[in-house]
Amino acid sequence: MIAVLDYGGGNVGSVLKAVEYLGKSAQKVDQPAALTAAEKIIFPGQGHFGAMMKGLEERSLLAPLREALAAGKPFLGICLGLQALFESSEEAPGVAGLGILPGRVARFQGVFKVPHIGWSQIEFRAKSQLLRGVPDGSFVYFCHSYYGPITPEACAVTEYGQTFSAGVENKNIWAVQFHPEKSGEVGLKVLSNFLSF
Amino acid sequence: MFAKRIIPCLDCKNGRVVKGIHFVNLRDAGDPGELAEMYNREGADELVMLDISASREGRATLMETVRRVARRLFIPLTVGGGVRTFEDAQRLLSTGADKVAVNTAAVESPNLISEIAENYGRQAIVVAIDARRRRESGMASQAALTDGTPPPRQRGAAAQWEVVTYGGTKPTGLDALDWARRVEESGAGEILLTSMDTDGTQAGFDCELTAALACALHIPVIASGGAGNAQHFVEVFRRGCADAALAASIFHYETHTIRSLKEHLRAHGVPVRI
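Which chain is which? The protein sequence lines are Z and W, in order. Here the numbering used here is used: position 40 in the first sequence is 40, and no number is missing along the way. Convert by adding 197 to the 1-based position in the second sequence; the result is the number in the numbering used here.
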């Protein structure tokens with residue numbers, strides 16, 4: 001079973017729909033036992049960093065999530081699900097993230113419009129399974145006001161005023177800042193890469 | 198590269214897409230699901246569905262239509278038309294819409310914007326603003342709009358636009374720019390800006406109006422009203438500083454495919470996703 005994590009925010013519905021369209025069955029999960037039982041975990045996006053961490057804790061999902069990540073269970077973070085992997089975020093000072101990736105999520109600054117809503121190109125930094133079959137320079141759909149810095153795990157980056165991590169891959173832990181469930185054919189390819197991982 | 202978005206709009210009535218000018222002489226333009234898939238294949242960046250059914254039955258059909266369209270669509274979907282309450286928005290967002298567009302209700306109960314933004318995030322709320330040029334600030338002549346030069350103004354008087362509601366029939370007294378700033382503050386994620394002066398004319402977008410809002414706001418502005426040819430899109434992105442452009446009839450009548458429009462834009466230096 002593929003678990004789509006429901007922590008009280010997030011666009012669970014559209015991720016479920018995309019997974020089902022690709023012929024796999026997924027389930028909305030908000031219980032620790034179901035999370036532990038899942039073969040794969042998708043952590044969908046949208047919402048507030050602080051509310052997300054609190055939502056995970058309140059549902060007792062934080063500990064089983066950490067265990068699953070450490071045990072090598074396939075994980076795909078989307079948007080806020082990528083940001084959750086970092087140590088902290090400017091969006092919620094004092095709230096600890098999962099700390100899998102080093103650094104702090106920051107807010108876009110400067111002349112560009114925030115949120116960054118729309119289609120931007122991804123630029124590959126490293127070969128990855130996440131983006132297998134996706135052409136370098138593909139446009140994908142973003143919708144976010146905060147971004148994760150570039151770490152050695154970044155397999156793709158995007159430039160929007162700042163250059164940030166658009167895709168990361170570290171063994172079983174994959175994440176994208178964009179929305180694969182809203183990025184047309186390219187997005188579906190990313191999801192199917194994860195589903196066949 | 199960050200792309201300018203091209204957004205086809207499906208005006209829906211009783212579960213069918215209709216086309217017409219200013220909501221009169223409506224003709225059937227097809228099935229929403231089929232048109233959505235076609236636009237998706239052609240490279241639309243998003244899709245907007247506006248419900249223009251006046252009846253309760255029509256609205257019930259809308260939910261079924263949204264569900265059907267959303268099931269096979271993997272680009273963002275905005276649904277609007279007749280969203281009056283938080284519950285209306287909630288229903289649409291849980292049925293498959295990624296964003297809701299709120300127009301008249303936002304003017305009549307501004308709390309609706311913050312309520313949706315707080316519960317679903319600001320990316321889920323698009324505030325639709327229908328604006329009409331105030332007479333005393335200089336009426337736009339169609340000729341001026343068509344050849345791309347800004348419409349004449351009275352000396353010293355900056356152009357002003359008034360927010361109108363109920364499909365343009367009710368003036369509100371609100372200044373469009375002031376109103377746009379207020380809705381941005383309340384939590385709107387984007388503005389869908391329709392010029393009631395150019396809407397339906399196919400004589401070009403109102404670039405002056407679009408630029409007035411797009412330059413002053415920190416959230417994206419989607420320009421709407423007046424698209425007649427590909428060059429109009431070049432102008433609204435260049436002079437109007439629009440972040441996205443929406444059109445209906447230019448695509449329904451198949452005078453332009455999204456693909457050919459995007460090729461024209463790219464040839465004129467406008468960044469697009471092809």
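Glycine is no exception: its CB is placed at the ideal position from the N, C-alpha and C atoms.
Using a beta-carbon distance below 9 Å, is residue i in contact with chain Z?
{"i": "W/Ala-337", "result": "Bear in mind that a pLDDT of 47 at W/Ala-337, under 50, signals an unreliable position, so the number given afterwards is only what the model happens to contain. W/Ala-337 does not count as touching chain Z."}
{"i": "W/Gln-287", "result": "no"}
{"i": "W/Leu-244", "result": "no"}
{"i": "W/Gly-345", "result": "Low confidence applies here, because W/Gly-345 scores a pLDDT of 49, under 50, leaving its location unreliable; read the following figure in that light. False, the Cβ-Cβ gap to chain Z never drops below 9 Å."}
{"i": "W/Glu-387", "result": "yes"}
{"i": "W/Arg-350", "result": "Residue placement at W/Arg-350 is poorly supported in this model, since its pLDDT is 47, which falls under 50; the coordinates still yield a value, given next. Not one chain Z Cβ lies under 9 Å of W/Arg-350."}
{"i": "W/Arg-470", "result": "yes"}
{"i": "W/Asn-139", "result": "For residue 139 of chain W there is no data in the structure shown, the boundaries of chain W being 198 and 471."}
{"i": "W/Tyr-317", "result": "yes"}
{"i": "W/Ala-341", "result": "Model confidence at W/Ala-341 stands at a pLDDT of 44, short of 50, so the residue's coordinates are unreliable and nothing is read from them."}
Residue i versus chain W: which residues are under 8 Å apart at the beta carbon?
{"i": "Z/Ala-18", "result": "Phe-271"}
{"i": "Z/Lys-182", "result": "Phe-271, Ile-272, Pro-273 and Asp-295"}
{"i": "Z/Ser-120", "result": "Met-198, Phe-199 and Ala-200"}
When you measure from the CB of residue i to every non-hydrogen atom of the ligand MN, does any distance come out below 8 Å?
{"i": "W/Ile-272", "result": "You won't find the ligand MN in this model; it holds no ligand whatsoever."}
What did DSSP end up calling residue i once you bin it into helix, strand or coil?
{"i": "W/Asn-211", "result": "coil"}
{"i": "W/Asp-403", "result": "coil"}
{"i": "Z/Asn-11", "result": "coil"}
{"i": "W/Ile-388", "result": "strand"}
{"i": "W/Arg-379", "result": "helix"}
{"i": "W/Arg-463", "result": "helix"}
{"i": "W/Tyr-450", "result": "coil"}
{"i": "W/Glu-456", "result": "Just to set this straight, residue 456 of chain W is Arg in the shown sequence, not Glu. Residue state, collapsed to three classes: helix."}
{"i": "W/Thr-398", "result": "coil"}
{"i": "W/Ile-313", "result": "helix"}
{"i": "W/Arg-332", "result": "helix"}
{"i": "W/Gly-345", "result": "Only weak support exists for where W/Gly-345 lies, its pLDDT of 49 falling under 50; the value from the coordinates is given anyway. In this structure, W/Gly-345 counts as coil in the three-state DSSP scheme."}
{"i": "Z/Ser-192", "result": "helix"}
{"i": "W/Arg-202", "result": "strand"}
{"i": "Z/Pro-152", "result": "coil"}
{"i": "W/Arg-352", "result": "The predicted position of W/Arg-352 is uncertain, since its pLDDT is 46 and thus under 50; no value can be drawn from it."}
{"i": "Z/Gly-167", "result": "strand"}
{"i": "Z/Gly-187", "result": "helix"}
{"i": "W/Ala-321", "result": "helix"}
{"i": "W/Leu-414", "result": "coil"}
{"i": "W/Thr-366", "result": "coil"}
{"i": "W/Val-431", "result": "helix"}
{"i": "W/Val-360", "result": "strand"}
{"i": "W/Ala-420", "result": "strand"}
{"i": "Z/Glu-159", "result": "strand"}
{"i": "W/Val-304", "result": "helix"}
{"i": "W/Ala-439", "result": "coil"}
{"i": "W/Ser-338", "result": "Any reading at W/Ser-338 must be qualified, since the residue scores a pLDDT of 44, below 50, and its modelled position is unreliable; no value is offered."}
{"i": "W/Ala-408", "result": "helix"}
{"i": "W/Ala-445", "result": "coil"}
{"i": "W/Ala-373", "result": "helix"}
My understanding is that residue i touches residue j, with C-beta atoms under 8 Å, so please give their C-beta distance in whole angstroms.
{"i": "W/Ala-413", "j": "W/Gly-437", "result": "The pair is not a contact, with the Cβ atoms about 13 Å apart (cut-off 8 Å)."}
{"i": "W/Glu-305", "j": "W/Arg-329", "result": "Rounded, the Cβ-Cβ distance is 18 Å, inconsistent with contact."}
{"i": "Z/Leu-130", "j": "Z/Val-190", "result": "6 Å"}
{"i": "W/Ile-204", "j": "W/Ala-441", "result": "6 Å"}
{"i": "Z/Leu-76", "j": "Z/Phe-194", "result": "5 Å"}
Is any beta-carbon of chain W found at less than 9 Å from that of residue i?
{"i": "Z/Tyr-21", "result": "yes"}
{"i": "Z/Lys-113", "result": "yes"}
{"i": "Z/Phe-139", "result": "yes"}
{"i": "Z/Leu-188", "result": "yes"}
{"i": "Z/Gln-109", "result": "no"}
{"i": "Z/Tyr-7", "result": "no"}
{"i": "Z/Asn-11", "result": "yes"}
{"i": "Z/Tyr-146", "result": "no"}
{"i": "Z/Glu-58", "result": "no"}
{"i": "Z/Ser-88", "result": "no"}
{"i": "Z/Glu-185", "result": "yes"}
Which residues in chain Z have a C-beta closer than 8 Å to the C-beta of residue i? List them in chain order.
{"i": "W/Gln-320", "result": "Gln-46, Pro-115, Ile-117 and Cys-143"}
{"i": "W/Ser-291", "result": "Gly-13"}
List, in chain order, every chain Z residue whose beta-carbon is nearer than 9 Å to that of residue i.
{"i": "W/His-415", "result": "Lys-113 and Val-114"}
{"i": "W/Ala-439", "result": "In chain order: nothing, as chain Z lies at least about 12 Å away."}
By the criterion of Cβ-Cβ separation under 7 Å, what are the contact partners of residue i in chain Z?
{"i": "W/Arg-268", "result": "Lys-17"}
(request) Could you pull out every unbroken alpha helix (DSSP H) segment of at least 4 residues lying fully inside the segment 73–145 of chain Z, listed in chain order? (result) The qualifying runs are 80–83.
(request) Please specify which runs of the alpha helix (DSSP H), each continuous and at least 4 residues long, are wholly inside the segment 211–293 of chain W, giving them in chain order. (result) Runs of the alpha helix (DSSP H) inside the segment 211–293 of chain W: 229–239, 253–268 and 283–292.
(message) My parser needs the beta strand (DSSP E) runs of 3 or more residues fully inside the segment 19–69 of chain Z; what are they?
(response) 26–29 and 40–43
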